[in-house]
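J.: Take any residue in the sequence shown, note its place counting from 1, add 7, and you have its number in my numbering. Sharing a structure, written as structure tokens. Questions coming.
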Amino acid sequence: MGLWDALRSLLGFNARRPARPDPGLPATRAMAEPGRDTGQLAQRLGVPLGYLETIQPQYRTFTIPKWSGAPRTILAPQDDLKQLQRTILRRLLGRLASHRAVTGFERGHSIVTNARVHIGAAVVIRMDLKDFFPTTKAARVGEYFRLIGWNDEAAALLMRLCTHGGSLPQGAPTSPRLSNLVNYRMDARLAALAAKLGAAYTRYADDITFSLGQDCRWLAAAAIRGTKAIVADYGYTLHQKRKLIIRRRHQSQRVTGLVVNERVALPRSTRRRLRAIRHCLDTGRPATLTASQLAGWDALEHMIRTQSRSE
Numbered sequence: 008m009g010l011w012d013a014l015r016s017l018l019g020f021n022a023r024r025p026a027r028p029d030p031g032l033p034a035t036r037a038m039a040e041p042g043r044d045t046g047q048l049a050q051r052l053g054v055p056l057g058y059l060e061t062i063q064p065q066y067r068t069f070t071i072p073k074w075s076g077a078p079r080t081i082l083a084p085q086d087d088l089k090q091l092q093r094t095i096l097r098r099l100l101g102r103l104a105s106h107r108a109v110t111g112f113e114r115g116h117s118i119v120t121n122a123r124v125h126i127g128a129a130v131v132i133r134m135d136l137k138d139f140f141p142t143t144k145a146a147r148v149g150e151y152f153r154l155i156g157w158n159d160e161a162a163a164l165l166m167r168l169c170t171h172g173g174s175l176p177q178g179a180p181t182s183p184r185l186s187n188l189v190n191y192r193m194d195a196r197l198a199a200l201a202a203k204l205g206a207a208y209t210r211y212a213d214d215i216t217f218s219l220g221q222d223c224r225w226l227a228a229a230a231i232r233g234t235k236a237i238v239a240d241y242g243y244t245l246h247q248k249r250k251l252i253i254r255r256r257h258q259s260q261r262v263t264g265l266v267v268n269e270r271v272a273l274p275r276s277t278r279r280r281l282r283a284i285r286h287c288l289d290t291g292r293p294a295t296l297t298a299s300q301l302a303g304w305d306a307l308e309h310m311i312r313t314q315s316r317s318e
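Structure, rendered in structure tokens:
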């Protein structure tokens, strides 16, 4: 029996079998009776049906650098489509529920609330979903709209308005929220895996974090192997090695860029750099940040102080 088989037997868990179904997606209960049509969709959005049916989704493509320096492709919708997507976000998606373990793009959450879940863990495991938005396919978005009560025609129309080239466009106002909503069941299964392992789980956009209460290689291997199997069921793959990071108590454990060994904090090197910059600005010397840029870091430090305590 291999390591993974032994762990499955020990835990009574099969990562490829979905956990017991949730009592319906919370989103389902947020809508009225099923079968809403395109006329009702237009009324809900406050625009003529003809406009919805004839608008041509157009995007402007450009790149911005990632933290690593590699280019990130952005698909920015033209102004009329962007305004319509904002209306969809506000009137259709705003009150729908994503899984409670999801902290990215969610009201009341931030990188701080994501990090604080993992304070004081024996082991922190960070994984990264590869090409998250481009891999979230349009068919899943259409199926989600049907699930929450729109008929086939209305769901297809919403899918056309919110996707581009067969997936969620990174740069559309609706994409972050939809990426959470359509992945509710995936997040539920990952949370169930974490519970079986005695671990904590959060997802901030494409950043997946598990934290273990004990330093056990078998449990860490189960978290990684189980995550890989579960996300594959939804069309995703994990970045291998380069973005798979395991940190133990004697190492600097970071979650969404923040240290979580004993409390949520900026990395020591960052704090030292900010002190030096602040001193330069106070004494009139050249600094690598402007006063307004430093104010942004001050705001982050304030956020850490006010949000790092568990509720």
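Every residue gets a Cβ at the ideal spot worked out from N, C-alpha and C, and that includes glycine. Quick caveat, the model's predicted, so the values are computed rather than measured.
Determine the contact status of Val-271 and Ile-311, defining contact as a CB-CB distance below 9 Å.
T.: Within the sequence shown, residue 271 is the residue found at index 264, counting from 1. Within the sequence shown, residue 311 is the residue found at index 304, counting from 1. Result yes, Cβ atoms of Val-271 and Ile-311 sit closer than 9 Å.
J.: Answer yes if the region 242-254 comes into contact with the region 111-118, meaning at least three C-beta pairs across the two stretches below 8 Å, and no otherwise.
T.: No contact exists between the region 111-118 and the region 242-254.
J.: Going by the beta-carbon positions, is the gap between Ile-252 and Ala-227 smaller than 9 Å?
T.: As a first step, residue 252 must be located in the sequence shown, where it is residue number 245. As a first step, residue 227 must be located in the sequence shown, where it is residue number 220. Not in contact: Ile-252 and Ala-227 (Cβ atoms no closer than 9 Å).
J.: Whose CA, out of Thr-216, Val-54 and Leu-188, lies closest to the CA of Thr-234?
T.: As a working note, residue 234 is residue 227 in the sequence shown. Nearest C-alpha to Thr-234: Thr-216.
J.: Inspect the CB distances between the region 178-185 and the region 85-104 and report whether three or more fall short of 8 Å.
T.: The region 178-185 is in contact with the region 85-104.
J.: So what does DSSP say about Ile-215, is it helix, strand or coil?
T.: Taking the sequence shown and counting its residues from 1, one reaches residue 215 at position 208. Three-state result, Ile-215: strand.
J.: Going along the chain, which residues of its own chain have a beta-carbon closer than 7 Å to the beta-carbon of Gly-46, five neighbours each way excluded?
T.: In the sequence shown, the residue the question calls residue 46 occupies position 39. Around Gly-46: Leu-56.
J.: Skipping 5 residues on each side, what residues in its chain have a beta carbon closer than 6 Å to that of Thr-170?
T.: Here the question's residue 170 lines up with position 163 in the sequence shown. Answer for Thr-170: Ala-145 and Val-148, listed in chain order.
J.: Determine the direct distance from the alpha carbon of Glu-160 to that of Gly-205, and round the result to whole angstroms.
T.: Taking the first residue of the sequence shown as 1, we reach residue 205 at position 198. Taking the first residue of the sequence shown as 1, we reach residue 160 at position 153. When rounded, the distance between both Cα atoms is 44 Å.
J.: Report the residue from Ala-128, Asp-86, Arg-51 and Ala-77 whose alpha carbon sits nearest the alpha carbon of Tyr-394.
T.: No statement about residue 394 is possible, as the shown extent of the chain runs from 8 to 318 and does not include it.
J.: As a quick exercise: from Ile-81, Leu-99 and Pro-64, pick the residue whose alpha carbon is nearest that of Leu-88.
T.: In the sequence shown, the residue the question calls residue 88 occupies position 81. Comparing Cα positions, the closest option is Pro-64.
J.: Using 10 angstroms around the beta-carbon of Gly-156, count the other beta-carbons present and answer buried if the total reaches 16, otherwise exposed.
T.: Locating residue 156 in the sequence shown gives position 149, where the first residue counts as 1. Buried, by the Cβ-count rule.
J.: Around the Cβ of Lys-203, are there at least 16 other Cβ atoms within 10 angstroms (buried) or fewer (exposed)?
T.: Position 196 of the sequence shown, counted from the start, is the residue given in the question as residue 203. Classification of Lys-203: buried, given that the 10 Å Cβ count is 16 or more.
J.: Starting from Ala-228, trace the beta strand (DSSP E) in both directions and tell me its first and last residue.
T.: Here residue 228 is taken as the residue at index 221 of the sequence shown, counted from 1. Segment 224-239 is the alpha helix (DSSP H) holding Ala-228; no beta strand (DSSP E) there.
J.: Quick one: what's got a C-beta closer than 6 Å to Gln-260's C-beta in the same chain, skipping five residues either side?
T.: Reading the sequence shown from its first residue, position 253 is the one you call residue 260. Excluding sequence neighbours, Gln-260 sits near Val-131, Arg-254, Val-267 and Asn-268.
J.: Checking 9 Å against the spacing of the C-beta atoms, do Pro-141 and Ser-174 come in under that value?
T.: Sequence index remark: in the sequence shown, residue 141 carries index 134 (1-based). Sequence index remark: in the sequence shown, residue 174 carries index 167 (1-based). Yes.
J.: Let me know the alpha helix (DSSP H) ranges lying completely inside the region 105-147, each 4 residues or longer, listed in chain order.
T.: 118-123 and 139-142
J.: Would you list the one or two residues that DSSP bridges to Leu-265?
T.: Numbered from 1 along the sequence shown, position 258 holds the residue referred to as residue 265. Answer is Val-262, bridged to Leu-265.
J.: Take Tyr-151 and list the residues in its own chain whose beta-carbon comes closer than 7 Å to its own, dropping the five residues that flank it on each side.
T.: Along the sequence shown, one-based indexing puts residue 151 at 144. Leu-188 and Val-189.
J.: According to DSSP, is Met-310 helix, strand or coil?
T.: In the sequence shown, residue 310 corresponds to position 303, counting from 1. Helix at Met-310.
J.: Is the Cβ-Cβ distance between Thr-209 and His-125 less than 9 Å?
T.: Walking along the sequence shown from the start, residue 209 turns up at place 202. Walking along the sequence shown from the start, residue 125 turns up at place 118. Cβ distance < 9 Å, so Thr-209 and His-125 count as in contact.
J.: What number of angstroms, rounded off, separates the C-alpha of Leu-301 from the C-alpha of Cys-287?
T.: For this step, residue 301 is matched to residue 294 along the sequence shown. For this step, residue 287 is matched to residue 280 along the sequence shown. About 11 Å.
J.: Apart from the five residues on each side of it in sequence, which residues of its chain come closer than 8 Å, Cβ to Cβ, to Arg-79?
T.: What you label residue 79 is simply residue 72 of the sequence shown in a count that begins at 1. Here the set comprises Thr-70, Ile-71, Pro-72, Lys-73 and Gln-177.
J.: Closest to Ala-129 by C-alpha separation, out of Arg-279, Glu-113 and Arg-224, would be which residue?
T.: Counting from one through the sequence shown, the residue named residue 129 turns up at place 122. Cα-wise, what sits closest to Ala-129 is Arg-224.
J.: In whole angstroms, what separates the C-alpha of Arg-102 from that of Leu-96?
T.: Within the sequence shown, numbered from 1, the residue matching residue 102 stands at position 95. Within the sequence shown, numbered from 1, the residue matching residue 96 stands at position 89. About 9 Å.
J.: According to DSSP, is Ala-302 part of a helix, a strand, or is it coil?
T.: Here residue 302 refers to the residue found at position 295 when the sequence shown is read from its first residue. If DSSP states are grouped into helix, strand and coil, Ala-302 belongs with the helices.
J.: Between the Cα of Leu-52 and the Cα atoms of Leu-168, Gly-127, Leu-154 and Phe-112, which residue gives the shortest distance?
T.: As a working note, residue 52 is residue 45 in the sequence shown. Answer by Cα proximity: Leu-168.
J.: What is the DSSP secondary structure of Pro-183, reduced to helix, strand or coil?
T.: As a working mapping, residue 183 is identified with position 176 in the sequence shown. Correct three-state label for Pro-183: helix.
J.: Can you name the start and end residues of the beta strand (DSSP E) that Arg-93 belongs to?
T.: Taking the sequence shown and counting its residues from 1, one reaches residue 93 at position 86. Per DSSP, Arg-93 belongs to no beta strand (DSSP E); it is in the alpha helix (DSSP H), 86-95.
J.: Which partner residues does Ile-81 have in the DSSP bridge list?
T.: The residue given as residue 81 occupies position 74 in the sequence shown. For Ile-81, which the question treats as bridged, DSSP gives the partners Phe-69.
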